[in-house]
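See below for the structure under consideration.
Chains as they are written, first to last, in our numbering: chain A, 1 to 113; chain B, 114 to 229.
Written out as structure tokens, the structure reads:
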């Protein structure tokens, strides 16, 4: 299996500043790391992901970094807006073929106008 | 696009009774479906991973006897919570994946189970 730790559990930032969420995993065989955003009453939605053959990926204001040696990956939201306020979950997927996704416990992000 | 529908969205059942929830994939083939329970503290617990035409793999603390799952084709899966009690409350999410689309896991909106 896999264990994913996610910190912080609560994050409050000022509008237009950056927000960073960090996750660590245990299984060195994990090879896929998605990030999900969940708004109140909604299903989790994939916002960005990174595979183990990459160290960095950026989609607009979202940056994901992967450090395989440290078994750590992180999400950085630049120029945050109130609409970024939500729960964010990291996940790690281990193995080949049909894979289980193991989720972190989530980070509640609040962007203060 | 790829969408996953879950129903019912909310359900209330009496303690000791059972309820069934369904998951429908649209726009892609759900070759594997993972069922999760999200607790009030927002933690995701993986219940089981189901691959069509293959055995369903349950995580520790979850059993087929309690959470029987059906995954008969590439667009549909269902899970039943048998003999529901207070500790079974939560948001049940199905996440469906098509290996042809690689790793992307698409979630339904969830079925929120309340137990009286």
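Beta carbons: idealized from backbone N, C-alpha and C, even for Gly.
Measuring only the C-alpha atoms, how far is residue i from residue j?
i, j, result
"residue 64 of chain A", "residue 30 of chain A", "16 angstroms"
"residue 196 of chain B", "residue 157 of chain B", "21 angstroms"
"residue 72 of chain A", "residue 109 of chain A", "20 angstroms"
"residue 120 of chain B", "residue 206 of chain B", "10 angstroms"
"residue 8 of chain A", "residue 220 of chain B", "24 angstroms"
"residue 97 of chain A", "residue 211 of chain B", "Note that residue 97 of chain A has pLDDT 49, beneath the 50 cutoff, so the model's placement of it is unreliable and the number below is only indicative. Straight-line Cα distance between these residues: approximately 10 angstroms."
"residue 141 of chain B", "residue 101 of chain A", "19 angstroms"
"residue 225 of chain B", "residue 202 of chain B", "8 angstroms"
"residue 45 of chain A", "residue 13 of chain A", "22 angstroms"
Take residue i as the anchor and find which of the options has the nearest alpha-carbon.
i, options, result
"residue 147 of chain B", "B/132, B/154, B/172 and B/124", "B/172"
"residue 191 of chain B", "B/228, B/160 and B/156", "B/160"
"residue 62 of chain A", "A/108, A/55, A/105 and A/47", "A/47"
"residue 162 of chain B", "B/142, B/223, B/229 and B/183", "B/183"
"residue 52 of chain A", "A/28, A/44 and A/105", "A/28"
"residue 198 of chain B", "B/189, B/170 and B/228", "B/228"
May I ask you to report which of helix, strand or coil DSSP gives residue i?
i, result
"residue 15 of chain A", "coil"
"residue 213 of chain B", "helix"
"residue 161 of chain B", "strand"
"residue 199 of chain B", "helix"
"residue 67 of chain A", "strand"
"residue 181 of chain B", "coil"
"residue 84 of chain A", "helix"
Can you give the beta carbon distance from residue i to residue j, rounded, assuming they're within the 8 angstroms contact cut?
i, j, result
"residue 23 of chain A", "residue 74 of chain A", "7 angstroms"
"residue 34 of chain A", "residue 70 of chain A", "Not really, about 19 angstroms apart at Cβ, beyond 8 angstroms."
"residue 43 of chain A", "residue 222 of chain B", "4 angstroms"
- Using 8 angstroms as the threshold, is the region 25-44 of chain A in touch with the region 133-142 of chain B, meaning 3 or more CB pairs across them? no
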